[in-house]
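Below: one structure, written as structure tokens.
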Amino acid sequence: MAIPSQKKRAAIYARYSSDMQKVTSIDGQLLLCRKVAARNSVDVVGEFLDAAKSGLTEDKRDGYQRLLEGVRKQDFDVIIVEHFDRLSRDPATIQRLKQVFEFHRVELMDQKGVYATATDISIASLYNTIYKPQLADKVRRGHDNAVSNGRIPGSYAYGYRPRPGAPGERMIEESEAKIVRRIFIEYTSGRSTRDIAADLTREGVPSPGATRHKNKAGRTTWNHQCITGGRHGRGIIGNELYIGEIHWNVRSTILNPETQKKQKRRNPEERHIIVQNAELRIVPQTLWDKVQKVRSERAIHMFGPTGKPRRRPVVPRNNEHPLAGVLRCGVCNGHMRIAQSSRNGGPRAACANAHQRSTCEHTRSFDMDVLLKDVAEKMEVRLLSRKAIEEAMRAWKEERKSDQQKDSERSNLERRRHVLNTEIERLSYAIANSRRKPEELVKRIDECDAERETVEERLRLLGNGGENVIPFDHPRFGERYCSEAKRLVTALKTNPKAIETRVAFRNLVDCIIVHPVRKRMPYEYTPYLNAAALFSTQLFPENCPKTGNISTLICYDNVQSEKSVSS
Numbered sequence: 185m186a187i188p189s190q191k192k193r194a195a196i197y198a199r200y201s202s203d204m205q206k207v208t209s210i211d212g213q214l215l216l217c218r219k220v221a222a223r224n225s226v227d228v229v230g231e232f233l234d235a236a237k238s239g240l241t242e243d244k245r246d247g248y249q250r251l252l253e254g255v256r257k258q259d260f261d262v263i264i265v266e267h268f269d270r271l272s273r274d275p276a277t278i279q280r281l282k283q284v285f286e287f288h289r290v291e292l293m294d295q296k297g298v299y300a301t302a303t304d305i306s307i308a309s310l311y312n313t314i315y316k317p318q319l320a321d322k323v324r325r326g327h328d329n330a331v332s333n334g335r336i337p338g339s340y341a342y343g344y345r346p347r348p349g350a351p352g353e354r355m356i357e358e359s360e361a362k363i364v365r366r367i368f369i370e371y372t373s374g375r376s377t378r379d380i381a382a383d384l385t386r387e388g389v390p391s392p393g394a395t396r397h398k399n400k401a402g403r404t405t406w407n408h409q410c411i412t413g414g415r416h417g418r419g420i421i422g423n424e425l426y427i428g429e430i431h432w433n434v435r436s437t438i439l440n441p442e443t444q445k446k447q448k449r450r451n452p453e454e455r456h457i458i459v460q461n462a463e464l465r466i467v468p469q470t471l472w473d474k475v476q477k478v479r480s481e482r483a484i485h486m487f488g489p490t491g492k493p494r495r496r497p498v499v500p501r502n503n504e505h506p507l508a509g510v511l512r513c514g515v516c517n518g519h520m521r522i523a524q525s526s527r528n529g530g531p532r533a534a535c536a537n538a539h540q541r542s543t544c545e546h547t548r549s550f551d552m553d554v555l556l557k558d559v560a561e562k563m564e565v566r567l568l569s570r571k572a573i574e575e576a577m578r579a580w581k582e583e584r585k586s587d588q589q590k591d592s593e594r595s596n597l598e599r600r601r602h603v604l605n606t607e608i609e610r611l612s613y614a615i616a617n618s619r620r621k622p623e624e625l626v627k628r629i630d631e632c633d634a635e636r637e638t639v640e641e642r643l644r645l646l647g648n649g650g651e652n653v654i655p656f657d658h659p660r661f662g663e664r665y666c667s668e669a670k671r672l673v674t675a676l677k678t679n680p681k682a683i684e685t686r687v688a689f690r691n692l693v694d695c696i697i698v699h700p701v702r703k704r705m706p707y708e709y710t711p712y713l714n715a716a717a718l719f720s721t722q723l724f725p726e727n728c729p730k731t732g733n734i735s736t737l738i739c740y741d742n743v744q745s746e747k748s749v750s751s
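See the structure below:
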């Protein structure tokens with residue numbers, strides 16, 4: 185008789201879109217997919233779930249991201265879904281996912297129990313292209329109808345809470361309403377929103393969202409922008425709901441196809457829906473009018489007759505700068521953000537806690553271009569000095585010793601896995617050729633299979649080893665080290681905004697602690713380098729991983745030190 189073939193491993197993915205849908209939708213999808221797996225004789229080894237998550241985005245779905253990680257690791261052979269749109273409603277994403285699955289030799293199956301082909305995916309993509317606008321129109325029509333009847337489909341604002349048993353209806357939360365009135369009164373008295381937010385933070389007053397997110401870190405930390413409002417947000421002092429007016433469909437949210445981030449755009453006036461609901465009034469009309477007058481006067485005083493900020497284009501924007509996401513405050517250790525721009529349009533970074541929340545005293549901003557130029561110059565001196573190379577080789581030897589120990593363990597585990605596979609095949613053959621199935625053999629197969637799973641898990645944790653790494657005793661290691669360091673330094677000087685330069689820089693630099701200094705004084709900072717990044721074959725590829733080995737490189741402008749500290 186033939187040796188029984190090993191069953192394919194399957195993963196199930198289930199999702200529903202919003203809080204308006206029932207959690208039982210997940211249970212129904214799982215039940216259906218399990219039946220599909222049973223009919224096709226595949227073993228379900230994992231289930232990945234996303235509750236109340238839209239299928240139009242990828243990065244905010246934890247279950248989806250874990251599923252992709254399992255695909256890359258080839259933890260399963262088949263992915264079973266109720267419909268393809270559970271994975272994504274975006275046609276381009278569905279096509280890309282199919283290519284990713286095929287590359288990793290993972291098949292896709294829906295509730296029909298048939299492995300999906302490129303034609304099936306194309307048909308599903310066409311359906312989603314037609315279905316999405318229709319679904320959006322239906323949802324929009326339902327929301328507009330709810331607003332016309334005095335209900336609010338969106339989340340509830342600070343000062344209100346949902347009315348039990350009445351979806352969309354709001355009730356005034358008096359404890360928060362007092363804080364709203366206090367903010368309006370203090371604003372008319374001449375206080376700035378930063379000072380008001382700082383006082384509320386010091387007093388430990390729960391911030392907006394604290395009651396809705398009990399475990400949210402910093403739930404008593406107020407951001408002044410939640411009072412003023414950002415570029416598209418109204419803020420507390422601009423929310424007409426506090427005078428009993430529901431303003432709906434004022435802005436639309438669209439998805440940027442390049443960044444996969446949502447952006448808000450203001451709709452034309454004729455599309456706005458305004459409904460009066462006196463029961464929701466928190467702020468008297470006279471106080472509201474005073475606040476709007478003060479706000480308008482301040483805007484004209486700051487920005488001129490239009491009252492609108494004259495924004496200079498910040499170049500580069502957001503994460504396009506090599507230092508974006510790398511800088512940290514030397515006082516509170518919080519992240520630094522692009523807070524303003526220099527006269528030449530270059531970005532300036534400031535402590536986010538100081539700039540937005542007034543919870544840190546480090547209020548100075550730093551020119552990111554100047555800081556990057558200085559880091560590059562100091563990096564050339566520190567990384568290419570004889571002492572730096574000797575220290576790198578010493579650290580590399582220690583790292584390689586650890587790798588050699590892992591290689592030895594990996595070899596032993598692979599040999600053990602081969603022994604277990606051979607024994608399982610032998611026992612399976614013995615059972616298949618016997619007239620009856622001895623319980624002892626079946627029990628032994630179960631024991632070997634359990635041990636094999638343990639061995640494979642340990643191998644997964646050990647990784648793939650260092651096959652593509654230059655050995656520390658290789659005669660060209662020093663040459664490789666200098667070549668990669670010089671390449672990065674040159675790239676930072678010639679084209680620091682290039683994608684490959686940014687990737688290489690962020691692979692090497694874990695973070696840069698910026699210390700407070702007086703005005704017109706040189707910048708003081710401490711870069712923390714990912715030392716292992718320079719020990720791999722290449723520094724520039726995007727898939728160069730960051731490890732936990734971080735070394736400190738002191739680069740103070742007014743401190744002469746080349747001391748290297750491991751942390």
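Residues in the sequence shown are numbered from 185 upward in steps of one, following the numbering used here.
Glycine included, C-beta positions come from ideal geometry on N, C-alpha and C.
What you are looking at is a predicted structure, and each value in this text was computed from that prediction instead of being measured.
(Q) Would you call the segment 443-457 in contact with the segment 374-391, where contact means no fewer than 3 C-beta pairs closer than 8 Å? (A) no
Q) In whole angstroms, what separates the C-alpha of Asp321 from that of Ala236? A) 20 Å
(Q) Which same chain residues end up closer than 6 Å to Asn537 when comparing Cβ atoms and leaving out the 5 residues on each side of it in sequence? (A) Cys516, Gly518, Thr543, Cys544
Q) According to DSSP, is Leu555 helix, strand or coil? A) helix
Q. Given Val229, which residues of its chain have a CB within under 8 Å of its CB, disregarding the five upstream and five downstream residues?
A. Arg193, Ala194, Ala195, Asp259, Phe260
Q: Report the option in Glu640, Gly212, Arg465, Lys191 whose CA atom is closest to the CA atom of Glu598.
A: Minimum Cα distance to Glu598 is reached at Glu640.
Q) Got a sec, what are the start and stop residues for the alpha helix (DSSP H) Cys544 sits in? A) Unbroken run through Cys544: none, as it is neither H nor E.
**Q.** Helix, strand or coil at Ser376 according to DSSP, with G and I counted as helix
**A.** In the structure shown, Ser376 sits in coil (DSSP, three-state: anything other than H, G, I, E or B).
Q.
Let's see if you can read the secondary structure: which residues bound the beta strand (DSSP E) around Val434?
A. Annotation: Val434 is outside any beta strand (DSSP E) and is labelled neither H nor E by DSSP.
(Q) So Ile458 and Glu429 are supposed to be a Cβ contact under 8 Å. How far apart are they, rounded? (A) 6 Å
Q.
Among the candidates Arg702, Glu668, Met293, Lys316, whose CA atom is the shortest distance from the CA of Met563?
A. Glu668
Q: Check whether the segment 291-306 touches the segment 264-281, counting contact only when three or more Cβ pairs, one atom from each stretch, lie closer than 8 Å.
A: yes
Q: Pull up the DSSP beta-bridge partners for Phe550, would you.
A: Ala533
Q: Assign Val229 to one of three DSSP states: helix, strand, or coil.
A: strand
**Q.** Meets three-Cβ-pair contact criterion under 8 Å: the segment 457-473 and the segment 419-428
**A.** yes
Q: Helix, strand or coil for Ser272, going by three-state DSSP, please let me know.
A: Three-state DSSP puts Ser272 in coil, outside helix and strand.
Q) Can you check whether the CB of Val510 is closer than 7 Å to the CB of Val701? A) no
Q: From the DSSP output, in three-state form, read off Asp246 for me.
A: helix
Q | Same chain, Cβ closer than 7 Å to Leu216, neighbours up to 5 away in sequence not counted | A | Glu266, Gln295
Q. Is the Cβ-Cβ distance between Thr313 and Pro275 less than 7 Å?
A. yes
Q | DSSP three-state assignment for Tyr426, whether helix, strand or coil | A | helix
Q | For Cys632, three-class secondary structure by DSSP | A | helix
Q. Which one of His288, Glu242, Val673, Ala533 has the shortest CA to CA distance from Ile263?
A. His288
Q: For Gln540, count neighbouring C-beta atoms within 10 Å of its own C-beta (all shown protein chains included) and say buried if the count is 16 or more, exposed if not.
A: It counts as buried.
Q. Taking Cβ positions, are Val298 and Val255 nearer each other than 7 Å?
A. no
Q) Around the Cβ of Leu507, are there at least 16 other Cβ atoms within 10 angstroms (buried) or fewer (exposed)? A) buried
Q | Alpha-carbon spacing of Val364 relative to Met355, whole angstroms | A | Approximately 15 Å between the Cα atoms of the pair.
Q) For Lys400, which three-state DSSP category applies? A) Any reading at Lys400 needs caution, since the residue's pLDDT is 45, under 50, leaving its predicted position unreliable; the model's value is listed next. Lys400: coil per DSSP, three-state reduction.
Q) Which partner residues does Glu708 have in the DSSP bridge list? A) His699
Q: Write down the C-beta distance between Asp234 and Arg199 rounded to the nearest angstrom, noting that I regard them as a contact closer than 8 Å.
A: Between Asp234 and Arg199 a beta carbon distance of about 4 Å is seen, short of the 8 Å cut, so the two are scored as contacting.
**Q.** Integer-rounded CB distance, given that Ala560 should sit under 8 Å from Ser549
**A.** The pair is not a contact, with the Cβ atoms about 20 Å apart (cut-off 8 Å).
Q. Nearest to Asn224 by CA position, among Ala302, Lys191, Arg450, is which residue?
A. Lys191
Q | For Gln469, the first and last residue of its enclosing alpha helix (DSSP H) | A | 469-487
Q) Any idea if Leu310 is buried or exposed, counting beta-carbon neighbours within 10 angstroms, 16 or more meaning buried? A) exposed
Q) In its own chain, which residues sit with a C-beta less than 7 Å from the C-beta of Glu637, not counting the 5 before and 5 after it? A) none
Q. For Glu370 versus Tyr342, is the C-beta distance shorter than 7 Å?
A. no
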